[in-house]
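Everything below concerns the one structure shown next.
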Amino acid sequence: MHGSLASPRASKADAGFGWLAIIRIGLVQASIGALVMMATTVLNRVMVVELGLLAAIPAGLVAWHYAVQLGRPLWGHASDKGNNRTLWIIGGLVVLAAGALLATQATLMLEGAFAAGFALAVLAYALIGMGVGAGGTSALALLASGVAPQRRAAAAAVTWIMMVAGIVVSAITVGELLKPFSAERLLVVAGGLALVTVGITVLATFRLERQAGRFGDAARDDVAPPDFRAALAEIWNEPAARRFTIFIFVSMIAFSMQDLILEPFAGLIFGLSPGESTQLGGQHQGGILLGMIVTGVGGSAFTGKRPDGLRAWVIGGCLLSAVGLGTLALAAVSGPPWPLGVNVFVLGFGNGVFAVAAIGAMMGLAGAGETTREGVRMGVWGASQAIAFGLGGLSGAVGVDLSRRMLGNDGTAFQLVFALEAAAFVLAALLAVKATGGAAVRASMTKQEGKVFA
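Right, here's the structure in full:
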């Protein structure tokens with residue numbers, strides 16, 4: 000009787016965020032991607048090519064911005080306690096934009112005043128890490144709290160695709176605006192990008208949080224979130240959350256290990272020119288995009304509200320990625336005429352399937368805490384992902400360098416590293432069997448329904 004009285008009032012909220020709201024959060028992700036592109040791609044190029052600095056300098060700064068993101072759980076917890084994720088999203092983007100502007104100024108100072116420029120760059124990249132962590136974690140927590148279970152795969156696909164689109168569009172636009180290159184033009188373009196991305200974020204989040212409906216933290220307003228230390232203890236003592244944290248760490252290391260070695264591999268083993276190796280990277284990104292689309296559509300259409308519906312997609316994406324890397328290991332000793340483009344496209348497709356399915360599963364588990372809320376849980380997994388990305392890219396590059404010196408053969412060196420990556424994805428698939436099971440998500444769904452209909 001009680002439930003029947005509540006049903007009419009809850010029916011509209013049951014749908015959670017609609018597609019327009021999901022796209023608006025995607026615009027936030029696109030803005031984050033555009034600003035990060037400026038710091039990690041454009042300024043990296045300027046430091047190495049125009050200024051002639053060692054590549055280790057921008058690489059170290061990028062690694063530093065990942066390290067700062069260890070604070071993601073703290074920022075997510077703060078957005079839980081404040082019950083105002085919009086403020087944290089906008090604030091994060093403002094800090095990120097300020098960091099990107101300072102990083103641009105610092106880069107231009109490196110040539111004439113290296114010590115002062117580098118000190119400013121360290122501060123700037125710390126702000127970039129803080130902005131990405133605070134804004135990105137809060138945006139994903141808002142998405143997780145407001146999207147119905149049957150839409151999670153599609154929502155993850157939409158936001159990831161829009162983030163990639165933001166990177167691509169901003170890279171093309173910034174590249175055109177920087178012709179011909181000058182320090183003054185770089186500062187103007189960076190300032191314009193900062194203003195546009197912050198403006199988009201403010202407009203995209205305007206009155207958005209109130210649409211979260213029954214999936215939002217408003218359903219648990221009667222339970223105050225625990226303090227930060229207690230929240231971390233609850234997450235780590237919860238088997239499902241602990242397994243998922245380990246799964247994210249292992250899988251993201253496997254995902255990112257080829258980032259810095261794929262194009263050198265194409266040049267050293269297959270003799271591809273810089274332009275051809277760049278096109279190969281485009282084929283990899285094309286595979287990722289298709290994998291995201293297929294998983295977003297298929298994950299939503301064929302899994303419905305099943306709490307463990309995305310598990311098969313996560314495992315399948317990990318195993319297909321392992322196959323792609325395993326065949327690259329064979330290509331390393333085979334060389335031409337191996338169908339390298341097809342191989343890399345298949346790897347990208349597996350990566351795309353895995354990435355979207357893992358984020359969809361993460362969104363489901365984000366609401367499974369007894370007292371912890373989406374922000375701190377997303378923060379823990381975001382920190383695990385950030386550290387894994389930093390370690391993965393570094394370990395892949397260092398692994399190839401060491402193997403080339405020890406083995407004296409480029410093909411064998413790349414074969415060893417690709418084989419290790421494939422093994423890491425197989426391990427991730429095994430971890431995913433329990434990490435993405437239905438028990439935790441089912442408990443979350445039951446809990447949310449109980450709050451609405453009690």
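Residue numbering for the sequence shown follows numbering that gives the first Met the number 0, starting at 0 and increasing by one per position. From the three backbone atoms N, C-alpha and C, an ideal C-beta is built for every residue, glycine too.
Straight-line Cα distance separating residue j from residue i
| i | j | result |
| --- | --- | --- |
| A364 | W235 | Reading off the sequence, residue 364 comes out as Leu, not Ala. If you take the alpha carbons of L364 and W235, they lie about 13 angstroms apart. |
| L119 | W337 | 47 angstroms |
| F180 | A239 | 51 angstroms |
| A217 | V146 | Caution applies to A217, whose pLDDT of 45 falls short of 50 and renders its modelled position unreliable; the model cannot decide the point. |
| T39 | V61 | 6 angstroms |
| G290 | H283 | 11 angstroms |
| A115 | L53 | 17 angstroms |
| V187 | A99 | 12 angstroms |
| V420 | G174 | Checking the displayed sequence, the identity of residue 420 turns out to be Glu instead of Val. C-alpha separation (whole angstroms): 33 angstroms. |
| A170 | L42 | 12 angstroms |
| F16 | G165 | 22 angstroms |
| T326 | G132 | 35 angstroms |
| R403 | A330 | 16 angstroms |
| L429 | A357 | 14 angstroms |
| A152 | A112 | 49 angstroms |
| E110 | L393 | 26 angstroms |
| V296 | I287 | 14 angstroms |
| G51 | M108 | 13 angstroms |
| V345 | S276 | 16 angstroms |
| G340 | F264 | 13 angstroms |
| G25 | V94 | 19 angstroms |
| G274 | G281 | 11 angstroms |
| Y65 | M37 | 15 angstroms |
| G407 | F269 | 17 angstroms |
| R23 | V167 | 18 angstroms |
| G215 | E49 | Low local confidence applies: a pLDDT of 49 at G215 is under 50, so the model's placement there is unreliable, and no value is given. |
| D409 | A311 | 36 angstroms |
| L126 | A385 | 15 angstroms |
| W18 | A102 | 35 angstroms |
| I245 | I160 | 25 angstroms |
| S383 | I252 | 10 angstroms |
| P306 | M362 | Bear in mind that a pLDDT of 49 at P306, under 50, signals an unreliable position, so the number given afterwards is only what the model happens to contain. Computed Cα separation, rounded: 11 angstroms. |
| A55 | K433 | 39 angstroms |
Below-8 angstroms beta-carbon distance, residue i vs any chain D residue
| i | result |
| --- | --- |
| G174 | Absent from the structure is chain D; it holds one protein chain and no more. |
Candidates the options: closest to residue i by CA position
| i | options | result |
| --- | --- | --- |
| S250 | M46, L42, T435 | T435 |
| T204 | G90, A331, Q414 | G90 |
| A63 | A123, A112, R84, K80 | According to the sequence displayed, residue 63 carries Trp and not Ala. The option with the nearest alpha carbon to W63 is A123. |
| G285 | N342, A133, F248 | N342 |
| R209 | L346, V432, T85, L401 | T85 |
| P148 | A112, L92, G298 | G298 |
| I292 | F353, L259, A321, C317 | F353 |
| G191 | A33, K433, M377 | A33 |
| L267 | E175, S169, G334 | G334 |
| G198 | L393, V27, V168 | V27 |
| V332 | E373, I88, F227, F417 | F417 |
| F117 | I127, Q104, M129 | Q104 |
| M162 | L339, E49, I314, A138 | A138 |
| G315 | G407, L426, V397 | L426 |
| W87 | W18, T200, A55 | T200 |
| V399 | R241, R44, L261 | L261 |
| A83 | L207, A328, C317 | According to the sequence as given, residue 83 is Asn; it is not Ala. Among L207, A328, C317, the Cα nearest to that of N83 belongs to L207. |
| A211 | E373, G347, A189 | E373 |
Beta-carbon proximity check, residue i vs residue j, cutoff 8 angstroms
| i | j | result |
| --- | --- | --- |
| G395 | Q257 | yes |
| A96 | V355 | no |
| I21 | T106 | no |
| A360 | L309 | yes |
| F254 | G391 | yes |
| L259 | L271 | no |
| T172 | L92 | no |
| A321 | F413 | no |
| G130 | M377 | no |
| L177 | L185 | yes |
| V313 | A143 | no |
According to DSSP, residues forming a beta bridge with residue i
| i | result |
| --- | --- |
| G15 | V146 |
Whole-number beta carbon distance between residue j and residue i, since they are thought to touch under 8 angstroms
| i | j | result |
| --- | --- | --- |
| V375 | A182 | Rounded, the Cβ-Cβ distance is 42 angstroms, inconsistent with contact. |
| G31 | G135 | The sequence given here places Ile at residue 31; Gly does not occur at that position. With a Cβ gap of about 6 angstroms, I31 and G135 count as contacting. |
| A140 | S78 | 6 angstroms |
| P57 | V67 | No, P57 and V67 are not in contact; Cβ-Cβ is about 16 angstroms, not under 8 angstroms. |
| R150 | G381 | About 21 angstroms; that fails the 8 angstroms criterion. |
| F227 | L73 | 6 angstroms |
| T294 | G351 | 7 angstroms |
| P225 | E233 | 7 angstroms |
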